[in-house]
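Undergrad: So the sequence shown is numbered by our numbering: it starts at 1454 and just counts up by one.
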Amino acid sequence: MPDLWQDAMDHAVTLARKAGEIVRDALQNDLKIMCKSSSVDLVTKTDQNVEQLIITSVKEKFPEHSFIGEESVAAGESCVLTENPTWIVDPVDGTTNFVHGYPFVAISIGFAVNKMLEFGVVYSCIEDKMYTARKGKGAFCNGQPLQVSDQKEINQSIIATEFGSNRDPENVEKIFSSMRKVLCLPVHGIRGAGSAAINMCLVASGCVEAYYEIGIHCWDIAAGAIIVSEAGGVLMDVEGGPLDLMSRRVLAANNDIIGERLIKEIEAFSALRDDAPVNPIT
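1. DSSP three-state call for Ala-1663: helix, strand or coil?
2. May I ask which residues mark the beginning and end of the beta strand (DSSP E) holding Glu-1571?
3. Going by CA-CA distance only, name the one from Phe-1515, Glu-1580 and Ser-1700 that's closest to Ala-1752.
4. Roughly how many whole angstroms lie between the Cα atoms of Lys-1514 and Leu-1570?
5. When you compare the CB positions of Ala-1592 and Val-1575, do they come within less than 8 Å of one another, or not?
6. Sort out for me which residues DSSP pairs Pro-1598 with in a bridge.
7. Does the structure place the stretch 1664-1683 close enough to the stretch 1695-1715 that three or more beta carbon pairs sit under 8 Å?
8. Please report how far the alpha carbon of Glu-1720 lies from the alpha carbon of Val-1691, in whole angstroms.
9. Could you round the C-beta distance between Ala-1650 and Asp-1673 to whole angstroms and report it? I think they count as a contact, below 8 Å.
10. Are Glu-1662 and Ser-1723 close, meaning C-beta to C-beta below 8 Å?
11. For the candidate residues Val-1601, Ser-1602, Ala-1565 and Phe-1557, whose alpha-carbon lies nearest to that of Lys-1582?
12. Quick check on the DSSP output: the beta strand (DSSP E) that includes Ala-1721 runs from which residue to which?
13. Spatial neighbours of Val-1656 within its chain, please: CB distance less than 6 Å, with the 5 preceding and 5 following residues excluded, ordered by chain position.
14. Taking Ala-1565 as part of the beta strand (DSSP E), name the residues at either end of that continuous run.
15. Between the Cα of Gly-1694 and those of Gly-1617, Lys-1717 and Cys-1532, spot the shortest distance and give me the residue it belongs to.
16. For Arg-1633, report the span of its beta strand (DSSP E) as first-last.
17. In the DSSP assignment, the alpha helix (DSSP H) including Thr-1499 goes from what residue to what residue?
As structure tokens, this is what we get:
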């Protein structure tokens, strides 16, 4: 039986590499920075240029497909995941890193059909690491198979998380409270790459045992989610149950034991939901 979506995945890899060239070139030039919702929520011309490159190319090659992109939504496009084949794109995941030259910046391209992820491509373009996963076919980094850590002891684990861009004092307090509880389990350490997509790829690579965050968007995690699951990991909501791609909350772990232990320590808080139905990812 032919693989219906392999052509789309191959195209996504090609686009990610082209986008990576744009990002690397922009790092050598002056950055034009704008703010979104606050001084810590940034967008650059590079974000916009990369997304436009991907949108234009996808519409030319797959005109019947739908598209959810970070900059498109910021410009007023709807953020609704339907059953139609849909590209879910973060053109520059880690914009703050990019602005500061911190070397963890990714192009993240997820692809869903019937609201289920079919493939994911995450290109950590400064590191030149291409992470890919296809439903039922495994996960890879630069062509080498990925496998999550087999660690089952939380006190032998590294956990990744982020502070996000919301600086509401009550939410910040809950973020720090959760980190304090996790750190005192104890764990070996808490890390954060500054990119949700890269954090999830680190889980898939076995470098960290889990990653959690509240306040992210579907374009931050769509590609990383299938990379984690195809590497043998699990995806959850931070309060338990399956991951809802549109909920703006994620917990990715190497196994249920680590994931469920973290759920006991995470203090959830409200994040405005995208205007979309619940879409569990299994």
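Note that CB positions come from ideal geometry on N, CA and C, so glycine has one too.
TA: Reading from the atomic positions:
1. strand
2. 1569-1577
3. Nothing can be reported for residue 1752, as the shown portion of the chain is limited to 1454 through 1735.
4. 20 Å
5. no
6. Phe-1593
7. yes
8. 9 Å
9. 7 Å
10. no
11. Phe-1557
12. Run containing Ala-1721: none; DSSP gives neither H nor E here.
13. Tyr-1664, Val-1681, Gly-1686 and Ala-1705
14. 1559-1566
15. Lys-1717
16. Premise fails: Arg-1633 lies in the alpha helix (DSSP H), 1622-1636, not in any beta strand (DSSP E).
17. 1498-1514
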